[in-house]
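Everything below concerns the one structure shown next.
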Amino acid sequence: MCRWQGRAWRSADSPRRRPATVRVAVRPPTKRPRTPRLGCGSGGRGPAEPRLARRDRTSRAPGQQPRNRSRIGISRESPGRDVGSSLDARAPLGVAPSYAPYPRLTSIGGDIFDWSLVTGHWSPFTGHRSPHLRSPSCLTQPPRPRPLIIGVVGGSGSGKTTVARAIHEATGIDAAFVDQDAYYKDLGHLSMDDRRRVNFDHPDALDNDLMVEQLEALAAWRPIQKPTYDYAAHTRAAAVVTVQPSPIVIVDGILLFTDARLRKHFDIKLYVDVADDIRFIRRLQRDVEERGRTMGDVIRQYLTTVRPMHMEFVEPSKRYADVILPEGGHNKIGVEMVIARVILELQRRVA
24 MCRWQGRAWR
34 SADSPRRRPA
44 TVRVAVRPPT
54 KRPRTPRLGC
64 GSGGRGPAEP
74 RLARRDRTSR
84 APGQQPRNRS
94 RIGISRESPG
104 RDVGSSLDAR
114 APLGVAPSYA
124 PYPRLTSIGG
134 DIFDWSLVTG
144 HWSPFTGHRS
154 PHLRSPSCLT
164 QPPRPRPLII
174 GVVGGSGSGK
184 TTVARAIHEA
194 TGIDAAFVDQ
204 DAYYKDLGHL
214 SMDDRRRVNF
224 DHPDALDNDL
234 MVEQLEALAA
244 WRPIQKPTYD
254 YAAHTRAAAV
264 VTVQPSPIVI
274 VDGILLFTDA
284 RLRKHFDIKL
294 YVDVADDIRF
304 IRRLQRDVEE
314 RGRTMGDVIR
324 QYLTTVRPMH
334 MEFVEPSKRY
344 ADVILPEGGH
354 NKIGVEMVIA
364 RVILELQRRV
374 A
């Protein structure tokens, strides 16, 4: 009569052997730092790879296979590697991945940069972010690469600022913002009646010469004095806003792509495409509440200048865009794909 003992069959009359005592020296686990070192030197070591979720150890019927609740994880990116996510091969097919289109851990200049340190989450739509914005030193200290300039274009009320804010929140870098609305020509020499008759939706109403000059200054890592515009008086205000250079410069406006001098400065060109009725409602609410205008004045301007100029200049300019975002900032998949491209461009600039 035999029975199974350990790893072999043994007969009932075979003498039992006392198991040998094996002493194993266990090294105490080393405590890894919770956050990786922020910098651009070589040889930096990032945090350990996020572990997969533990299997379900609840009670189950005899012979029933344990359920695998593992999800696809993000592995640590190696220096110089693209942004593409590293998927765990052990995850079963059909399991929903727990990663965002852009990785949480990214290689910038040879070190691992944890974007969650400054964003608080992978997605820009959570609203959780640390108030302290930081950037890898290789993007801000000499020798530093040329800033990444992003142009965001769309009709009035399309949500260009929402898209720009999503990029800013997700990257965690204190980006420089430049809005084309601040570059309207000064109409102080005209009477108020003549100012109201000016077509502000035509490219001739903008001081693109000054805007091109200041974009070149930001590209050369020089601060600018951005003008401010008084929408109620239709004149340029005396106050200016100092905009410091940054690794990311985000420019938004309705007529950015109509000027070839502006287009050549943009590394990424986005067009925010939203339905006309939604844009009109947003514009009406904004101009009445924020710019002190009457409802009749807003409707009259929309029918006489805003809509015709949109069909003549803004809508055709979408052919210059690299990416067209339907629904604007509400298109989470599209915005996160743009964010992944922005991070990839930052990696390439310091590679």
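Going by this note's numbering, the letters in the sequence shown line up with residues 24 to 374, in that order.
For glycine and all other residues, C-beta sits at the position ideal for the given N, C-alpha and C.
Quick caveat, the model's predicted, so the values are computed rather than measured.
Asked, Found
"Could you round the C-beta distance between ALA255 and GLY177 to whole angstroms and report it? I think they count as a contact, below 8 Å.", "Actually they are not in contact, since the Cβ atoms of ALA255 and GLY177 sit about 24 Å apart, beyond 8 Å."
"From what residue to what residue does the beta strand (DSSP E) around PHE200 run?", "199-202"
"Once DSSP output is grouped into helix, strand and coil, what is the label at LYS355?", "helix"
"Quick check on this structure: which residue in ARG169, THR258, SER181 and TRP244 has the alpha carbon closest to the alpha carbon of ASP217?", "THR258"
"Between THR251, ARG188, ALA189 and ILE196, which lies nearest to ASP230 when the distance is taken from Cα to Cα?", "THR251"
"Closest by CA to LYS287, which one among MET234, ASN354 and ALA262?", "MET234"
"Hey, LEU162 and PRO270: beta-carbon distance below 7 Å or not?", "yes"
"Pairing CB atoms from the stretch 209-225 with CB atoms from the stretch 327-345, are three or more of them under 8 Å?", "yes"
"What does the Cβ neighbour count give for GLY319, buried or exposed, with the cut at 16 atoms within 10 Å?", "exposed"
"First and last residue of the alpha helix (DSSP H) that includes THR251?", "No alpha helix (DSSP H) contains THR251, which is instead part of the beta strand (DSSP E) from 247-253."
"Quick check on the burial criterion: 16 or more other C-beta atoms within 10 angstroms. Buried or exposed for SER214?", "exposed"
"Within the continuous alpha helix (DSSP H) that includes ALA256, where are the two ends?", "Careful: ALA256 lies outside any alpha helix (DSSP H) and carries neither H nor E."
"Could you give the distance in angstroms between the alpha-carbon of ASP197 and the alpha-carbon of HIS191?", "7 Å"
"When DSSP labels each residue in this structure, what does LYS183 get in the three-state scheme?", "helix"
"Could you tell me how far apart the beta carbons of ALA205 and GLN267 are, in whole angstroms, since I believe they sit closer than 8 Å?", "No, ALA205 and GLN267 are not in contact; Cβ-Cβ is about 16 Å, not under 8 Å."
"Under 7 Å, do VAL295 and ASP310 count as touching if we go by C-beta distance?", "no"
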